[in-house]
Structures are given as structure tokens and as C-alpha cells.
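Scroll down for the structure; my scribbles are underneath it.
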Amino acid sequence: MTQLQVLLFATYADAFGASAVTVTVPDAATVEDVLAALRVLPGGATLPARPVVAIDRRYSRGGSVAVRAGQEIALIPPVAGG
Amino acid sequence: MTQLQVLLFATYADAFGASAVTVTVPDAATVEDVLAALRVLPGGATLPARPVVAIDRRYSRGGSVAVRAGQEIALIPPVAGG
Amino acid sequence: MIRVAIVAARIDPASLLAEVTSAGTGATTLFLGTVRDVNEGRPVTGIEYSAYTEMAHEELERIAQEAHARWDGVRIAVEHRVGVLTLQEVSVAIAVAHARRAPALDAQRYVIEQLKQRVPIWKCEHYLDGDRQWVDPSAHNVMALPDV
Amino acid sequence: MIRVAIVAARIDPASLLAEVTSAGTGATTLFLGTVRDVNEGRPVTGIEYSAYTEMAHEELERIAQEAHARWDGVRIAVEHRVGVLTLQEVSVAIAVAHARRAPALDAQRYVIEQLKQRVPIWKCEHYLDGDRQWVDPSAHNVMALPDV
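Protein chains in written order, with this note's numbering: chain A, 62 to 143; chain B, 62 to 143; chain C, -10 to 137; chain D, -10 to 137.
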């Protein structure tokens, strides 16, 4: 098992009551595993079906993308800059 | 016959050597009559086949438009503002 | 709110921006035309803008009114300068403000495109070699001056 | 020339304009986003912008690079502010310069549209009645905050 930190912002940070949470996932984990671990945390039930995920500051495409320790993983709520 | 003043700008002013010229046209004159009178003046041969004409500060459509004394008539070379 | 002007003095873009901005403004756009150092490969030292001033003002006003009719609520300020301009000086400034960005962007483009096509203003480029030529954008080149 | 920044201090549009302008500049565009007094009919007193700062910077840089690749020769400066902004303060400024107007206008629009879609920045509106809500443009409305 691997421990991964996930960065949270805006509505997600409010929902989890934190700007980052740590989840425990299998060693060969995917984005989907990270999301499943997040959903069982307090506030995790409010996540949408397919939240946008960024890995190392780039948007990740799809839940089957592999993640590993040392990567910067973030959940990105609908953006509203400008 | 009526005397009309025609305002000239840029290349047309250079061609006629003046910023305005006076032409004599028939009483029920049209834009085409004005242009014909201009073409026989010194420099008038350089006018294009269908120069753009403005009457009272609005673009005029076509040579058959009537003109009369008291109107502000101008020849408009290709514009280049901006 | 619409204001257009043909001006002889230096244009202050910041004052146009301030003029169009209101409490309801969410997006403001500014377009500046400036005198550049090279045109058609020839080094330029300056540009002399001349206008049929009264008609230029009226045509600019019509263009701004058209934009206002098309994009409800846009606030527009336009100044076009005349006279001799040196390099990097501002020849035209168009400021547009609106609650949302699409009308501010669309109206900005409308005004500059229509201005280029319709407003009776001409420019005579002065070159490093002492020559000067009237610019004819419709011919995609410059027209040689007759020997007068 | 490209420069992008996520900033906490007040944005100075004039400095961005000066930064992108060069001797070869014929057209300069500026886009400003400002805090307006009403959204969805509710009086707003201010907006708090928060960002995933590092990624926002990198995504802005990618957008500017894409514009630069698409419109050769554009010079771009972008600043997006974070923190609490009051009414009429500038949240984002995009300055683009080019020899000709079409690339300056096209790149301006590209940058603001892509920024709105991709840059991880969020805004929380503060209302006159003391309430606050995160804005969700994707839903064309605002998302009520959970009771935390």
C-alpha cells in the first residue's frame, strides 16, 4: 500500500474541511483508486461522479491513469478565473 | 448651370494640387456629372474609374445620385486609418 | 455611453479605459494602433495622418452607435489622432466595457474593422531615405505620389 | 516575449502594455477583467480569488506558448490576481502586441477563453447580505457552500 497526498481547493477544500488529505491506495494505483479512497472520507460523498484530476500540475485524462508516490495530485473543481 | 465645390484629400488633393476645387455642372446634376467635370481639370485624369464620393459626410452609392448647391461634396481616396 | 473624437494631441489610453469603466463593468478591452518602424520592408521614421475631420467624426460615431445597437450595454470611447506621429506613438485607441467579456471583445473588433474600412483618414508614411508615400491598404501596397 | 504571473498585488495595466510594446508593434490589445457590482441579480461587495498557484502559473504559461506558436511574433503579458478584490478592481489583465491587428486580436481572445476554461483559479463572491458563494461558470450559476 502507498500513501498519497491529494491537494484540494475551493468547494472541495470546504467539503473536506482541508486543503490537502492523505489517502492509502494499492501500490499500482490509478486515479480511480485515489477517488475511491477520497469518497469514503468525511465530505467525500459530495464529490461529483468524475472530478477533474491534475497530476504534476497537468490535467489528467481518465480514471485509469497510474499514480505513484512523489507525484503532485490535485482535485480541480470547476474553474472560474478571469 | 450650377457651381459646386468638391473637397479633396490625400492622393486626390496632391493630384489636383488643391484641397478643394469648384466645378460647373448642369442644374439637375448627378455625381457622374461632377466626376466628368473633375476629369477635365488639371490632375483629373488620374482619378480612378469609380472614385468613392461622400455627400453631406455620408458615403454616396452610385453615380446617378443627384447633387445640388449647398451640399458638401467630397472625393474619398482609399482610406487608411487605424 | 459613447464618445468618439478626432484629436491632434497625444492619446492617453488610461483615460479612455477610465471613461468606459463603470460599477457594472466586468470586462474592458482596449485596442491601440501604433506607428511601427518598418512597413513593406522599408524603414519608417513617422506617419502623417490626415482626415476629412468632420466626416471622420460622424462616421466613427455611426460605427460606435451600430456597435451599441448590436451589443446592448457596451460603453465605447474612441480617439483617432491626426498630424505627424513618430515611432510607437498611438494613432488610434478604442476602449470598450461591458458586464460580460463576449460583447466587449466582439464590439472592440467590430469598431476597429469598420474604422479601417470606412473612416475617411489617410496616412502618409515618411521613410528613412526622405521619401514619403500615401498608404493604400485596399491595394495591399502603397501608392507612389504624383510629381507635384 | 511571454510573461505570465499570478499576483497578490494590484495589477497595473499600463505596465503590461509598456512591456509588450516594441519598435515593431503596430497593434496592441488589452483585456481587463474587473469585479462588477451585481451577479445573477445579487449585489456583490467583493470577490475572493484563490488559485492552485503553481499549476495556474504553468497552465497560463502553456496557453501563452500555444498562442505564440499559433500567431508568430505575438508578445504576451498576463497577470491574474488572487486574494480579496473590491468592486472595480482588476482581476486579470492580458496584453498582446503584434505588427498587425488580426494576430493581436485573435491571440487576445484565445488567451482569455482558454484561461477561463483551464486555469485553476476559483472565485468566491461576497454578497451585501453577508453570504458568500463559490462561482461555477460551468453550471451557469453558483454552487451553494456546504455548511462547514
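Beta carbons: idealized from backbone N, C-alpha and C, even for Gly.
Chain C contact for residue i (CB, 9 Å cutoff)
i                : result
Val63 (chain D)  : no
Thr18 (chain D)  : yes
Arg98 (chain D)  : yes
Ala127 (chain B) : no
Ala89 (chain B)  : no
Arg121 (chain D) : no
Gly142 (chain B) : yes
Leu117 (chain D) : no
Val131 (chain D) : In this prediction, Val131 (chain D) has a pLDDT of 49, which is less than 50 and means its spatial position is unreliable; what the coordinates show is noted afterwards. Output row for Val131 (chain D): interface = no.
Ala110 (chain B) : no
Three-state secondary structure assigned by DSSP to residue i
i                : result
His87 (chain C)  : strand
Leu136 (chain B) : strand
Ser127 (chain D) : helix
Ala106 (chain B) : helix
Arg121 (chain D) : strand
Glu114 (chain C) : strand
Leu59 (chain D)  : The displayed chain sequence assigns Arg, not Leu, to residue 59 (chain D). If DSSP states are grouped into helix, strand and coil, Arg59 (chain D) belongs with the helices.
Ala130 (chain A) : coil
Gln66 (chain A)  : strand
Arg122 (chain A) : coil
Tyr41 (chain D)  : coil
Val100 (chain D) : helix
Ala82 (chain D)  : strand
Leu139 (chain C) : The question about residue 139 (chain C) has no answer here: the residues shown for chain C are numbered -10 through 137.
Leu74 (chain D)  : strand
Leu94 (chain D)  : helix
Beta carbon of residue i nearer than 9 Å to that of residue j
i                 : j                : result
Asp117 (chain A)  : Glu133 (chain A) : yes
Thr177 (chain C)  : Thr17 (chain C)  : Shown here, chain C extends from -10 to 137; a query on residue 177 (chain C) therefore has no answer.
Ile(-9) (chain D) : Ile101 (chain D) : no
Ala135 (chain B)  : Thr91 (chain B)  : no
Val33 (chain C)   : Tyr116 (chain C) : yes
Gly62 (chain C)   : Tyr38 (chain C)  : no
Ser80 (chain D)   : Arg90 (chain D)  : no
Ala96 (chain D)   : Arg59 (chain D)  : yes
Ile110 (chain D)  : Gly124 (chain A) : no
Leu65 (chain A)   : Val86 (chain A)  : yes
Thr14 (chain C)   : Arg25 (chain D)  : yes
Val124 (chain D)  : Val67 (chain D)  : no
Phe20 (chain C)   : Ala82 (chain C)  : yes
Val84 (chain B)   : Ala98 (chain B)  : yes
Pro139 (chain A)  : Val114 (chain A) : no
Leu96 (chain B)   : Ser80 (chain B)  : no
Val101 (chain B)  : Val82 (chain B)  : no
Gly104 (chain B)  : Gly131 (chain B) : no
Ile0 (chain C)    : Ala40 (chain C)  : no
Arg107 (chain D)  : Cys113 (chain D) : no
Residue i: first and last residue of the uninterrupted beta strand (DSSP E) it sits in
i                : result
Thr83 (chain A)  : 81 to 86
Asp75 (chain B)  : No beta strand (DSSP E) holds Asp75 (chain B); the alpha helix (DSSP H) holding it covers 71 to 77.
Glu68 (chain C)  : 64 to 70
Leu99 (chain A)  : Taken as a continuous stretch (DSSP letters only), Leu99 (chain A) belongs to no beta strand (DSSP E), being part of the alpha helix (DSSP H) at 92 to 100.
Ala115 (chain B) : 113 to 116
Within-9 Å CB hit, residue i to chain B
i                : result
Ile141 (chain C) : A query on residue 141 (chain C) cannot be resolved here, the shown segment of chain C reaching from -10 to 137 and no further.
Arg107 (chain C) : yes
Leu104 (chain C) : yes
CB contact check: residue i to chain A, cutoff 9 Å
i                : result
Gly72 (chain D)  : no
Leu76 (chain D)  : no
Pro126 (chain D) : yes
Val81 (chain D)  : yes
Trp60 (chain D)  : no
Ser39 (chain D)  : yes
Contact with chain D by residue i, beta-carbon distance below 9 Å
i                : result
Asp75 (chain A)  : yes
Ile137 (chain A) : yes
Thr83 (chain A)  : no
Leu102 (chain A) : no
Leu68 (chain A)  : yes
Arg118 (chain A) : yes
query: Going along the chain, which unbroken runs of the alpha helix (DSSP H) with 4 or more residues stay wholly within the region -7 to 36 of chain C?
result: 2 to 9
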